[in-house]
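Everything below concerns the one structure shown next.
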Amino acid sequence: MTERKGNLSQAGQSIPTVLEKYKLLYPLRFYMAKRDWEQIVGKQVAKYSYIKEMDRHEVVIGVTNSIWMNQLFIIQQDIQDKLNAYIGTDFVHSVRFVKAGRKPLPPVFQEEKKENALQKNLHTAIRNIVLSDEFVASVKEQTEGIKEPLRSKIRAARYASEKNRLAHEAAGYRTCPQCGRWLEEWETLCLFCRRKAWQEKIRWAYSILKEQPWLTLAQFGEAGNVAINKEVEDVYNEVRRDCIYKLIDKIYHDTDTPVDDILLTLYITRKTPSELTDDLIRNLTNRYRKKENKGKEEGKNHVSAHRRQPDD
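Take the sequence shown: its position 128, counted from the start at 1, is 128 in UniProt numbering, and no numbers get skipped.
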């Protein structure tokens with residue numbers, strides 16, 4: 001031992017120093033960045049991407065959707081800055097995107113442990129429940145005309161279901177007011193009913209924006225006769241993004257039509273149709289074309305312009 005100190009400190013205060021000394025601090029922070037990817041870049045970006053690996057000082061990000069591949073290229077520097085801000089130093093020198101399949105499952109050891117403990121407590125409570133004589137007599141009466149062994153199976157299922165209900169209620173669980181599923185402590189509607197309600201809002205927003213793609217958020221609220229709040233803003237942004245990325249994907253793969261080009265320009269610029277010009281549409285859509293397709297498009301425009309010139 002080369003150094004000895006006379007005072008003691010908490011282990012947590014010395015861990016970062018030890019990790020940095022043995023060059024383990026940044027790998028640890030990088031692992032934490034993988035875990036907290038949604039917190040770093042936001043829910044929408046994290047939905048279609050994840051940190052795949054680290055190659056020295058370059059972060060390789062897997063992207064599950066070709067539309068998002070184009071969008072992430074645009075905000076590449078922003079992602080790099082956010083990663084460095086999270087890690088606490090300029091550790092990331094570049095960011096590279098690669099096409100990837102399904103996102104890997106996140107580590108959920110703590111959540112699984114917590115969930116297993118809750119289930120264990122519920123199972124214990126269920127075993128300890130004694131059904132009332134009235135309920136047992138009612139089930140027997142209702143199933144008396146059923147032949148064995150089906151009668152015993154139905155009775156056992158009814159008893160188990162009632163014990164399960166009583167155990168959940170005793171533990172403070174509530175049921176969804178729309179479908180009757182058990183709710184988590186923080187929920188007012190179950191996941192399925194929330195998802196159904198969200199999809200209905202998405203369809204409603206589509207019906208408005210597909211007819212008037214140039215609407216601002218305020219104009220969207222007026223068109224839908226609703227007050228602007230966080231939920232309305234989220235629906236508006238999600239539908240606009242979805243329409244934009246689908247159109248960008250068509251342009252990138254050279255399957256777009258002139259109508260697609262106009263729609264994309266309307267969605268992005270939010271100008272009215274009367275404010276659009278041919279140059280604005282062409283310049284905007286060319287940003288999303290492959291290099292080889294840009295040459296084709298420029299050639300078409302050159303031929304069209306030449307044909308429009310009057311004869312001498």
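Where a beta carbon is used, it is the ideal one built from N, C-alpha and C, also for glycine.
For residue i, which of helix, strand or coil comes out of DSSP?
| i | result |
| --- | --- |
| W198 | helix |
| I61 | strand |
| T143 | coil |
| R240 | helix |
| V45 | helix |
| M1 | Because M1 sits at a pLDDT of 41, beneath the cut-off of 50, its placement in the model cannot be relied upon, and the following sentence gives the value as read from the coordinates. Coil, per DSSP. |
| L276 | coil |
| K271 | coil |
| T175 | strand |
| V95 | strand |
| L150 | helix |
| W182 | strand |
| V212 | The displayed chain sequence assigns Gln, not Val, to residue 212. If DSSP states are grouped into helix, strand and coil, Q212 belongs with coil. |
| R125 | Inspection of the sequence shows that residue 125 is occupied by Ala rather than by Arg. Three-state DSSP puts A125 in a helix. |
| T285 | helix |
| V259 | helix |
| A100 | coil |
| L131 | coil |
| residue 339 | In the structure displayed, the chain extends from 1 to 312; residue 339 sits before or after that span and is not available. |
| D78 | helix |
| D36 | coil |
| D254 | coil |
Tell me the residue span of the alpha helix (DSSP H) that contains residue i.
| i | result |
| --- | --- |
| I74 | S66 to I74 |
| E187 | Neither: E187 is in no alpha helix (DSSP H) and is coded neither H nor E. |
| A227 | Where A227 is concerned, there is no enclosing alpha helix (DSSP H), given that its DSSP letter is neither H nor E. |
Starting from residue i and walking both ways along the beta strand (DSSP E), at which residues does that stretch end?
| i | result |
| --- | --- |
| E53 | S49 to D55 |
| F91 | Neither: F91 is in no beta strand (DSSP E) and is coded neither H nor E. |
Of all the options the options, which has the alpha carbon lying nearest to the alpha carbon of residue i?
| i | options | result |
| --- | --- | --- |
| I74 | N229, I248 and E233 | I248 |
| G88 | D260, P273, A33 and L209 | A33 |
| A137 | R158, N128 and L150 | R158 |
| D133 | H168, E162 and D78 | E162 |
| I57 | K43, F91, N84 and L72 | The sequence as given places His at residue 57; Ile does not occur at that position. Selected option, being the one with the closest Cα: F91. |
| E200 | L150, R181 and E231 | E231 |
| L131 | A167, Y206, L72 and I67 | A167 |
| K291 | D254, P273 and T277 | D254 |
| A125 | V139, I40, G172 and G42 | G172 |
| K43 | C179, N237, L276 and Q77 | N237 |
| I79 | S66, N65, T64 and F97 | F97 |
| A197 | C179, W186, E184 and Q219 | C179 |
| C243 | L183, A205, T143 and A218 | A205 |
| S66 | P258, A85 and K246 | K246 |
| K153 | R270, K140 and N164 | K140 |
| N286 | Q77, L217 and D260 | D260 |
| A85 | R174, Q39 and C176 | Q39 |
| C190 | Q219, C176 and K271 | C176 |
| T272 | R203, Q219, I202 and S207 | Q219 |
On the criterion of 16 or more Cβ atoms from any shown chain inside 10 Å, does residue i qualify as buried, or is it exposed?
| i | result |
| --- | --- |
| I146 | exposed |
| D36 | exposed |
| F135 | exposed |
| G224 | buried |
| K82 | buried |
| Y22 | At Y22, the pLDDT of 42 sits below 50, so the modelled position is not reliable and the matter cannot be decided from this model. |
| S49 | buried |
| A170 | exposed |
| P213 | buried |
| V235 | buried |
| Y31 | exposed |
| L72 | buried |
| F192 | exposed |
| V45 | buried |
| L150 | exposed |
| L280 | exposed |
| residue 372 | Because the chain here runs from 1 to 312, residue 372 falls outside it and cannot be looked at. |
| A160 | exposed |
Considering only their Cβ atoms, is the gap separating residue j from residue i smaller than 8 Å?
| i | j | result |
| --- | --- | --- |
| L209 | R240 | yes |
| K99 | M54 | no |
| R289 | I251 | yes |
| I262 | L284 | no |
| K47 | G62 | no |
| R127 | T143 | no |
| V95 | V41 | no |
| R174 | L183 | yes |
At a cut-off of 7 Å, is residue i close to the ligand GDP when judged by its beta-carbon and the heavy atoms of the ligand?
| i | result |
| --- | --- |
| T188 | Ligands in the displayed structure: none, and consequently the ligand GDP is not present. |
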